[in-house]
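Q: Pasting a structure below so you can have a look.
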Amino acid sequence: MCSAVHSSPIYSGTNPEKSRIRVTFDPANNLYMPVLASGYTPAECAGRYTCTLKEKKYPECAFCRASCPSRDLFVDPDSGLPLKCDMCEEAELAEPACVKVCINDALTYEEREEEGEPAKIWGELEVGLDSLIKKYGVKAVEETITTLASD
Amino acid sequence: MRYAETGYNLEVDLSRGNIERVETDPKATELYLGGLGTNAKILWDRIPPEVEPFSPDNLLIFGTGLLAGTLAPGANRTIISSISPQTQLMAFSMMGGFWAPELKFAGYDKVVVLGKSPNLVYLWINNDKVEIRDASHLQGKGAFEAQELIKEELGDGKIQVLSIGPAGENRVYFASIEHGKSSASRLGIGAVMGDKKLKAVAVRGRKDINIARPDEFMKLCDQVWDYTKVRLQNPVRGQIPILEGLGAPQEMALHDERWHTSNFAWGNARQRRKDYWTEEVAEKWRNDLDSSLERLISCYNCPLQCGGSIYYPGIGRYMMKCYTKLTYAMGAFSDLDFGFRIAQRAQEYGVDGYTAPQVMAFAVELYEAGILTDQDLPEFPEDNEERFFYLLEKIVRREGIGDALADGVYWAARKIGKGAEAYDHNTIKKHEQIPIKLGMLNPMYYIMWSTGEKVNITQIEGQIPQAPFPSEELKEEFIKDWIQIPTGKEEKFKQFIRDWGEGDNVFPYYPSIDLICDLVDWQETMHYLDDSTGICAGFSSFPLKSPYHIHNLPDLISTATGIDMDEDKLWKIGWRNRNLIRAINVRRGLRRRDDKPPEDHWRKRAPEYETRILDEYYKFRGWNNDGIPTKETLDGLGLDYVSEDFEQRGILTTNSETVPAQKTSAGTEKSKAKGQVKKRKRLKK
Numbered sequence: 172m173c174s175a176v177h178s179s180p181i182y183s184g185t186n187p188e189k190s191r192i193r194v195t196f197d198p199a200n201n202l203y204m205p206v207l208a209s210g211y212t213p214a215e216c217a218g219r220y221t222c223t224l225k226e227k228k229y230p231e232c233a234f235c236r237a238s239c240p241s242r243d244l245f246v247d248p249d250s251g252l253p254l255k256c257d258m259c260e261e262a263e264l265a266e267p268a269c270v271k272v273c274i275n276d277a278l279t280y281e282e283r284e285e286e287g288e289p290a291k292i293w294g295e296l297e298v299g300l301d302s303l304i305k306k307y308g309v310k311a312v313e314e315t316i317t318t319l320a321s322d
Numbered sequence: 007m008r009y010a011e012t013g014y015n016l017e018v019d020l021s022r023g024n025i026e027r028v029e030t031d032p033k034a035t036e037l038y039l040g041g042l043g044t045n046a047k048i049l050w051d052r053i054p055p056e057v058e059p060f061s062p063d064n065l066l067i068f069g070t071g072l073l074a075g076t077l078a079p080g081a082n083r084t085i086i087s088s089i090s091p092q093t094q095l096m097a098f099s100m101m102g103g104f105w106a107p108e109l110k111f112a113g114y115d116k117v118v119v120l121g122k123s124p125n126l127v128y129l130w131i132n133n134d135k136v137e138i139r140d141a142s143h144l145q146g147k148g149a150f151e152a153q154e155l156i157k158e159e160l161g162d163g164k165i166q167v168l169s170i171g172p173a174g175e176n177r178v179y180f181a182s183i184e185h186g187k188s189s190a191s192r193l194g195i196g197a198v199m200g201d202k203k204l205k206a207v208a209v210r211g212r213k214d215i216n217i218a219r220p221d222e223f224m225k226l227c228d229q230v231w232d233y234t235k236v237r238l239q240n241p242v243r244g245q246i247p248i249l250e251g252l253g254a255p256q257e258m259a260l261h262d263e264r265w266h267t268s269n270f271a272w273g274n275a276r277q278r279r280k281d282y283w284t285e286e287v288a289e290k291w292r293n294d295l296d297s298s299l300e301r302l303i304s305c306y307n308c309p310l311q312c313g314g315s316i317y318y319p320g321i322g323r324y325m326m327k328c329y330t331k332l333t334y335a336m337g338a339f340s341d342l343d344f345g346f347r348i349a350q351r352a353q354e355y356g357v358d359g360y361t362a363p364q365v366m367a368f369a370v371e372l373y374e375a376g377i378l379t380d381q382d383l384p385e386f387p388e389d390n391e392e393r394f395f396y397l398l399e400k401i402v403r404r405e406g407i408g409d410a411l412a413d414g415v416y417w418a419a420r421k422i423g424k425g426a427e428a429y430d431h432n433t434i435k436k437h438e439q440i441p442i443k444l445g446m447l448n449p450m451y452y453i454m455w456s457t458g459e460k461v462n463i464t465q466i467e468g469q470i471p472q473a474p475f476p477s478e479e480l481k482e483e484f485i486k487d488w489i490q491i492p493t494g495k496e497e498k499f500k501q502f503i504r505d506w507g508e509g510d511n512v513f514p515y516y517p518s519i520d521l522i523c524d525l526v527d528w529q530e531t532m533h534y535l536d537d538s539t540g541i542c543a544g545f546s547s548f549p550l551k552s553p554y555h556i557h558n559l560p561d562l563i564s565t566a567t568g569i570d571m572d573e574d575k576l577w578k579i580g581w582r583n584r585n586l587i588r589a590i591n592v593r594r595g596l597r598r599r600d601d602k603p604p605e606d607h608w609r610k611r612a613p614e615y616e617t618r619i620l621d622e623y624y625k626f627r628g629w630n631n632d633g634i635p636t637k638e639t640l641d642g643l644g645l646d647y648v649s650e651d652f653e654q655r656g657i658l659t660t661n662s663e664t665v666p667a668q669k670t671s672a673g674t675e676k677s678k679a680k681g682q683v684k685k686r687k688r689l690k691k
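As you go down the protein sequences, you meet chains S and A in turn. Convert by adding 171 to the 1-based position in the first sequence; the result is the number in this note's numbering. Convert by adding 6 to the 1-based position in the second sequence; the result is the number in this note's numbering.
Structural data, given as structure tokens:
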């Protein structure tokens, strides 16, 4: 239910594949585990652990929150872009949509105070430079900027 | 662009191995909605009455409801239609779960299966890629076991699978199609699937379902949620526990089974045990349920938790819902512990949890009466529980006498002979019914049992209580916010609740015949609409004071699909679908003689009065006295092609009996009906 309700109404349609919460669902083992989309990871992880729940082995991937190239979970099926849960902040709801419809209280929402610096809010330039740095390294980007600036 | 539906069906011809994606006619959606309605249209168009259930020309249609997969709460139903091997009439059996939404997400509204495969196969629908795959390794596997194996084989836990068990493969006439905790069990559609050598259909979808006016639609869905929450906190008072809340009967959460165990009949729908439910029994049943129920579970986009995940020592885990909790237990004069133990095996074998225990109880009766002997049942155990396990194996494998029993009570009785026919007393149209034996004839139920095309009472009833409220206070409490009543009937229906049970206002001569017709019409129409929208009856037409009703459905359909809809139009669609399905069955030979309830369902019957209310109900529906929709009725509903076909076949003659328009006929019959009631009462005195 939580993942069904998620895709509305901004997408003008319904598609749980666009949801940022999915339930790892294994009725044969009485296992129902909600998994929230966290962030994008550019590469598959090396970890290939297994979790044993109720005497059944599951791959680590079954409960992983990342949008990762090795699987189609938390990847928009149309654009291929990663999906990430923002607790419905963008939609300005009092509580996330998934929590609102969960009348059986499997999901609850609470605000948590976190210590430390508030997260940096990046503009377009920072986002762009950051991805260039990730791809080419700080040094190469620095050099290029210096070269370009001196031209 | 099509909204709420995908606009495409998948046509699979198993004889030729051909798969096609076919665009559907949007006009059909406007006329019949989807699900049951459009399934029926396909059956009418493509299956002439000569086609036998096990002919390659018979179709097996897996239809999704019009709103299935949208965010309308509880809209998740798969409606499976075909020709039933047991009744030889149209079968429509339904299930919840997750399959229908997944098929929509894959881009199809229906899977229409034609022909017969030479070898056992399964269908794998992965968005645009559809394959017919070999299933020889799944032969003989349990239904749930096969679903798990297919998921493992295809490497994706999000795949939704429906499948048959060995009973379907062996064409047992009451074989079910299973899907997790859900099953489409009635009328032997699992046997048709087995006959086509189709073991399973697996689906994975990653596409959108478009909504015409999403903002408005979501607001309406939110209203349904809000009402649901309030309704769950305010159970209906003054009725039996099972009618208090929402959903399918909440059997998995219910400990107090006094009502079922003392009112429903045990064995072959024979015996009521008024004193069964003692404190000791209650304690044992409570312990058995609590120790084995792991959690309550729901279907797609639904919080009502009608199912349960059961873990039974020595058996393992399986899922169960609704009344199967009691059918085996009561059929074998046993208890819940036995019920849980046998139900798991029966579900894996894929048999209908209503019919199977009755067939077995019927066999036990025949044995005790000496009609079946030790020759028919070699090494038949002494113990009743053991006998049920023994019979289940024989039936599913069609071994020995199991071959006859696998055709159900009606056909088995005739095959066995030697007076066995007399033990077939709880079937309608050759199909086993829920084992209820009651005292006084309930006139509404008489009509619904007799004429229901679903041949299954639990999926026609709802909306009104089954017994009068015990006090004036409770009556007023119930009707004060009874918003679900159709427009124009409010005062009439509220007055019915007020008067019911007062003085002489008791069954069978209460309520008046015009009120019977109106109340039956309300219950039937809502079910026909639900079966077309794919909204679960547990959210809509089955419980009292449901979140969905005739006032909010038109806007929900309209905002989801973009089709203009209002109450009158929607009501007419309900009638159109009711008549179209009736027509399919009439063309296959259904007549008034078949419109009968189970023989001794009520201890006190009123044969003359029954004839009279059936006469009036036919007139109300616009059918002739043989139960055939008249030309005027059919043409008025836009079913001209049906009336033309009827005339060509000589089912209707051109100068068929003229019946006044429905609305006025109910009005004019009112005074006549009342007169009759008084006369009958005087006669009684």
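The beta carbon of each residue, even a glycine, is placed where N, CA and C say it ideally should be.
Could you please give the first and the last residue of the uninterrupted beta strand (DSSP E) stretch that includes A/ASN274?
A: Segment: none, A/ASN274 is in no beta strand (DSSP E) and carries neither H nor E.
Q: Would A/ARG323 pass as an interface residue toward chain S - the criterion being a Cβ-Cβ separation below 8 Å?
A: For A/ARG323, the answer is yes, since a Cβ of chain S falls inside 8 Å of its Cβ.
Q: According to DSSP, is A/HIS185 part of a helix, a strand, or is it coil?
A: In this structure, A/HIS185 counts as strand in the three-state DSSP scheme.
Q: Would you kindly report the start and end of the unbroken beta strand (DSSP E) that includes A/TRP130?
A: It spans 127-132 - the beta strand (DSSP E) in which A/TRP130 sits, taken as one unbroken run.
Q: Any C-beta of chain A sitting closer than 8 Å to the C-beta of S/PRO253?
A: So, not an interface residue.
Q: Can you tell me whether A/GLY146 is helix, strand or coil according to DSSP?
A: Three-state result, A/GLY146: coil.
Q: Check the Cβ-Cβ distances between S/ALA237 and every residue of chain A, and say whether any is below 8 Å.
A: S/ALA237 does not count as touching chain A.
Q: Which same chain residues end up closer than 7 Å to A/PRO241 when comparing Cβ atoms and leaving out the 5 residues on each side of it in sequence?
A: Excluding residues within five positions, the ones whose Cβ falls inside 7 Å are GLU250, GLY251.
Q: Skipping 5 residues on each side, what residues in its chain have a beta carbon closer than 7 Å to that of A/GLU479?
A: Cβ neighbours of A/GLU479 beyond the five flanking positions: none.
Q: Buried or exposed: S/TYR307, going by 16 or more other Cβ atoms within 10 Å of its Cβ?
A: Exposed.
Q: Which residues in the same chain as A/ASP572 place their Cβ atom closer than 7 Å to its Cβ, once the five residues preceding and following it in sequence are excluded?
A: PRO560, listed in sequence order.
Q: Which chain S residues sit within Cβ distance under 8 Å of A/TRP231?
A: Within chain S, the residues near A/TRP231 are VAL272, ILE274.
Q: Of the residues that make up the region 202-215 of chain A, which ones have a beta carbon closer than 7 Å to any beta carbon in chain S?
A: Under the 7 Å Cβ criterion, the region 202-215 of chain A contributes ARG212, LYS213, ASP214, ILE215.
Q: Between which two residues does the beta strand (DSSP E) containing A/GLY445 stretch?
A: 444-446 is the span of the beta strand (DSSP E), which, as asked, contains A/GLY445.
Q: Opposite A/ASN45 in the DSSP bridges: which residues?
A: Note: A/ASN45 sits in no beta bridge, so no partner.
Q: Which term fits A/ASN176, buried or exposed, when burial requires 16 or more other beta carbons within 10 angstroms of its beta carbon?
A: Flag for A/ASN176 reads buried.
Q: Answer with yes or no whether the minimum CB distance from S/ALA199 to chain A is below 8 Å.
A: It does; some Cβ of chain A falls within 8 Å.
Q: Name the two residues that bound the continuous alpha helix (DSSP H) containing A/ASN630.
A: Unbroken run through A/ASN630: none, as it is neither H nor E.
Q: Using a threshold of 8 Å, state whether the C-beta atoms of A/ILE131 and A/VAL198 are closer than that.
A: Not in contact: A/ILE131 and A/VAL198 (Cβ atoms no closer than 8 Å).
Q: Check whether chain A comes within 8 Å of S/PHE234, counting only Cβ atoms and requiring the distance to be less than that.
A: Not closer than 8 Å to any Cβ of chain A, the Cβ of S/PHE234 fails to qualify, so no.
Q: Going by the CB atoms, is the gap between A/LEU39 and A/SER564 shorter than 8 Å?
A: Not a contact, by the Cβ cut-off of 8 Å.
Q: Please list, in chain order, the chain A residues whose beta carbon lies closer than 8 Å to that of S/PRO248.
A: ARG212, LYS213, listed in chain order.
Q: With a Cβ-Cβ cutoff of 8 Å, do A/ARG598 and A/ASP632 count as a contact?
A: The answer is yes: Cβ separation under 8 Å.
Q: Can you tell me which of the three DSSP states A/ARG323 falls into?
A: Reduced to three states, the DSSP call for A/ARG323 is strand.
Q: Could you spell out where the alpha helix (DSSP H) holding A/LEU372 opens and where it closes?
A: Here the alpha helix (DSSP H) through A/LEU372 covers 361-374.
Q: For S/PHE196, go through chain A and note every residue whose CB falls closer than 9 Å to its CB, in chain order.
A: Those within 9 Å of S/PHE196 in chain A are PHE104, GLY163, LYS164.
Q: Alpha helix (DSSP H) containing A/ILE563: first to last residue?
A: It spans 559-567 - the alpha helix (DSSP H) in which A/ILE563 sits, taken as one unbroken run.
Q: Name the residues in the region 39-69 of chain A whose C-beta lies less than 8 Å from a C-beta of chain S; which are they?
A: Listed by position along the chain: nothing, the set is empty.
Q: Kindly indicate the opening and closing residues of the alpha helix (DSSP H) around S/CYS256.
A: First-last for S/CYS256: undefined, no H or E at that position.
Q: So who's on the other strand from S/PRO205, going by DSSP bridges?
A: In the DSSP output, where bridge partners are listed per residue, S/PRO205 has S/VAL194.
Q: Cα-Cα, which of A/TRP455, A/LEU397, A/LYS116, A/GLU385 is closest to A/GLN364?
A: Nearest of A/TRP455, A/LEU397, A/LYS116, A/GLU385 to A/GLN364, Cα basis: A/LEU397.
Q: To which residues of the same chain is A/ARG278 closer than 8 Å at the C-beta, ignoring the five residues directly before and after it?
A: Once the five neighbours on either side are set aside, the close Cβ partners of A/ARG278 are SER268, ASN269, PHE270, ALA271, TRP272, LYS443.
Q: Once you ignore the five residues that flank A/GLN682 on each side, which residues in its own chain have a CB closer than 7 Å to its CB?
A: Reliability of the predicted coordinates at A/GLN682 is poor, the pLDDT of 40 falling under 50, and the value obtained from them is presented with this limitation in mind. Answer for A/GLN682: ARG618, listed in chain order.
Q: Taking S/GLU226 as the query, report the chain A residues whose CB atoms sit under 9 Å from its CB, ordered along the chain.
A: Those do not exist, as S/GLU226 stays about 11 Å from chain A at its closest Cβ, beyond 9 Å.
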